[in-house]
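Asker:
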Amino acid sequence: MTTIVGILGLSHDEECREKYGMHLDFLRELIIEFNPDIICGEVIPSTWDLICKNKAGEGYWANPDQNYKSYWAEPASEYWKLIFPLCKERGIRFEPVDWLEMDVWWDFDPFAPFSEAEQERLKLELSNWTEKQLAVCGNSPIPFNSFELDDLTRGQFEWMGQVNPIAQAFRWTHRHLIMIQRIKNVIKKNPDSTILCIAGYGHNYCYYNELKGEPVHLIYPLR
Numbered sequence: 081m082t083t084i085v086g087i088l089g090l091s092h093d094e095e096c097r098e099k100y101g102m103h104l105d106f107l108r109e110l111i112i113e114f115n116p117d118i119i120c121g122e123v124i125p126s127t128w129d130l131i132c133k134n135k136a137g138e139g140y141w142a143n144p145d146q147n148y149k150s151y152w153a154e155p156a157s158e159y160w161k162l163i164f165p166l167c168k169e170r171g172i173r174f175e176p177v178d179w180l181e182m183d184v185w186w187d188f189d190p191f192a193p194f195s196e197a198e199q200e201r202l203k204l205e206l207s208n209w210t211e212k213q214l215a216v217c218g219n220s221p222i223p224f225n226s227f228e229l230d231d232l233t234r235g236q237f238e239w240m241g242q243v244n245p246i247a248q249a250f251r252w253t254h255r256h257l258i259m260i261q262r263i264k265n266v267i268k269k270n271p272d273s274t275i276l277c278i279a280g281y282g283h284n285y286c287y288y289n290e291l292k293g294e295p296v297h298l299i300y301p302l303r
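Last residue of the sequence shown: 303 in my numbering, with the numbers rising by one and none dropped.
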């Protein structure tokens, strides 16, 4: 047997998902079609622990009070509205793999060291990168999942690394190292399983580059 690993990227913004065709019904269809034993999701382990400790009745699967969230929008809406309930329905094990330290997150704002005028210029350039990404995100059978989009994401991150290398290392490079290692640990502990890695599309290219060398059958895009 072979361990099968799939990568599925999406937008955490509900309006953006709807606009580009990543409806929750379509997302559900993709997950069921892939038929994973395990989903590695973009959720912080400590948040998952909180959810599990408060899992009495349906409260476990419904969107909890804001007090149960570890930061502004985590877990994202697709987890409460689809992924968590689907895991329960189909007996899929959920593994949280995200990493964030919110007590210091805003101390690494990449544009903070710059003047107000320079911050505005940098924010505009960042918006231009996002517009370029969104312009191609619907050019594939699965929105937000293509090597064309990934090349733009890589370019954006390289630019951000030039703007503020320390912030980029903290918010993305080191975060990715931890997320990927958590996925690799799941793979090691669950040989011959089917594992689906779901994350924001900004993680796609890193997931693919780091996992393609693993002794697994890697599927990306899923279609």
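Note that the Cβ used here is the ideal one computed from N, Cα and C, for glycine as well.
The model shown is predicted, which means the values in this text are computed figures rather than measured ones.
Assuming contact is defined by CB atoms lying nearer than 9 Å, are Cys132 and Arg262 in contact in what I supplied?
Answerer: It is not a contact, given that the beta carbons lie outside the stated cut-off.
Asker: For the 8 Å Cβ check, are there 3 or more pairs between the segment 85-93 and the segment 261-276?
Answerer: yes
Asker: I'd like to check one pair, Ala215 with Tyr90: are the Cβ atoms closer than 9 Å?
Answerer: Correcting the residue type first, residue 90 is Leu in the shown sequence and not Tyr. Not in contact: Leu90 and Ala215 (Cβ atoms no closer than 9 Å).
Asker: Return the residue from the list Arg251, Gly241, Glu158 and Thr233 that minimises the CA-CA distance to Tyr288.
Answerer: Thr233
Asker: Tell whether a beta-carbon distance below 9 Å holds between Glu205 and Trp239.
Answerer: yes
Asker: Can you list, in chain order, the stretches of the beta strand (DSSP E) that have 3 or more residues and sit fully within the segment 225-301?
Answerer: 274-280 and 297-299
Asker: Considering only C-alpha positions, which residue in the set Asp93, Met259 and Tyr100 is nearest to Asn219?
Answerer: Tyr100
Asker: Could you tell me how far apart the beta carbons of Ile124 and Asp178 are, in whole angstroms, since I believe they sit closer than 8 Å?
Answerer: 5 Å
Asker: Distance, Cα to Cα, Asp231 vs Phe188?
Answerer: Whole-angstrom Cα-Cα distance: 25 Å.
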